[in-house]
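Residue numbers (the working numbering), protein chains in the order written: chain A, 1 to 96; chain B, 1 to 96. C-beta atoms are modelled at their ideal positions from N, C-alpha and C, and glycine is treated no differently. Have a look at the structure below, then the notes.
Protein chains: 2
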Amino acid sequence: MARVIVDVMLKPEIHDPQGEAVLGACHRLGFGQVSGVRQGKRFEIEIDGPAGEASLAAIAGLAGELLANPVIEDFSVHAAELPGRRHSPGSLRACG
Amino acid sequence: MARVIVDVMLKPEIHDPQGEAVLGACHRLGFGQVSGVRQGKRFEIEIDGPAGEASLAAIAGLAGELLANPVIEDFSVHAAELPGRRHSPGSLRACG
Numbered sequence: 001m002a003r004v005i006v007d008v009m010l011k012p013e014i015h016d017p018q019g020e021a022v023l024g025a026c027h028r029l030g031f032g033q034v035s036g037v038r039q040g041k042r043f044e045i046e047i048d049g050p051a052g053e054a055s056l057a058a059i060a061g062l063a064g065e066l067l068a069n070p071v072i073e074d075f076s077v078h079a080a081e082l083p084g085r086r087h088s089p090g091s092l093r094a095c096g
Numbered sequence: 001m002a003r004v005i006v007d008v009m010l011k012p013e014i015h016d017p018q019g020e021a022v023l024g025a026c027h028r029l030g031f032g033q034v035s036g037v038r039q040g041k042r043f044e045i046e047i048d049g050p051a052g053e054a055s056l057a058a059i060a061g062l063a064g065e066l067l068a069n070p071v072i073e074d075f076s077v078h079a080a081e082l083p084g085r086r087h088s089p090g091s092l093r094a095c096g
């Protein structure tokens, strides 16, 4: 059992009204240091077996077929850093 | 200028019908090795200045106030690994 993450974001040249609405809200709430927001989707996928090269390639195929619209979206696939880790509210995760 | 990522996922105990629909579709498409799917949101936030501890704490406050519903969702905040990096379709990103 392993966990694979698929991040799906609109391509940079595609207009993102959701992100723009969030940006406006940031400024209204006083977070003036925010200069841009893009909103996308994140999928946490549990797979049988290890998250090896073959599994990641299979999940990339799945992402292109099912999770993302390749016309307007890009995606990335990577093994979860800590399978089984739960997100905690407000946790800060340094990422080298 | 730096980029900060906020991942927002439903708490583990919260039912995720979107994820279950994706799981069913995975199996119908022949991806039988997938045993679970959870769907959440990903925000890419551009901020003025570096993504230091203070900036990450501010973005965590923003996430709790605006991006996530703390009653049903958890979130994590981390600096983007490569600010300015663009997602490429099908890219595989190994993550230690």
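Nearest-angstrom Cα separation, counted from residue j out to residue i
i      : j     : result
A:A60  : A:S76 : 8 angstroms
A:D16  : B:F43 : 12 angstroms
A:A79  : A:D7  : 11 angstroms
B:A63  : B:I5  : 10 angstroms
B:L100 : A:S55 : Residue 100 of chain B is absent from the model: chain B starts at 1 and stops at 96.
B:E97  : A:G19 : The structure shown does not extend to residue 97 of chain B, since chain B is modelled only from 1 through 96, so no value can be given for it.
A:A25  : A:M9  : 20 angstroms
B:Q39  : A:Q39 : 14 angstroms
B:P70  : A:A21 : 20 angstroms
B:R28  : B:A58 : 43 angstroms
B:R85  : B:G30 : With a pLDDT of only 43 at B:R85, under the threshold of 50, the placement of this residue in the model should not be trusted; the figure read from the coordinates follows. The alpha-carbon atoms of B:R85 and B:G30 are separated by roughly 32 angstroms.
B:A2   : B:A68 : 21 angstroms
A:K41  : B:K41 : 4 angstroms
Amino acids of chain B, ordered along the chain, whose beta-carbon sits closer than 8 angstroms to that of residue i
i     : result
A:I72 : Ordered by position in chain B, no residue passes the 8 angstroms Cβ test against A:I72, which lies about 11 angstroms from the chain.
A:E20 : Neighbours of A:E20 on chain B: none; closest Cβ ~12 angstroms, over 8 angstroms.
Assumed close pair residue i, residue j - CB separation to whole angstroms, cut-off 8 angstroms
i     : j     : result
B:E11 : B:E65 : Reading off the sequence shown, one finds Lys at residue 11 of chain B, where the question assumed Glu. With a Cβ gap of about 18 angstroms, B:K11 and B:E65 do not count as contacting.
Under 8 angstroms by beta carbon: chain A residues contacting residue i
i     : result
B:A58 : F31 and Q33
B:E46 : V34, S35, G36 and V37
B:R40 : Looking at the sequence provided, one finds Gly at residue 40 of chain B rather than Arg. Neighbours of B:G40 on chain A, chain order: K41, R42, F43 and E44.
Self-check item: Any 3 or more C-beta pairs closer than 8 angstroms across the region 44-51 of chain A and the region 28-39 of chain B
Solution: Under the three-pair Cβ rule at 8 angstroms, the region 44-51 of chain A counts as touching the region 28-39 of chain B.
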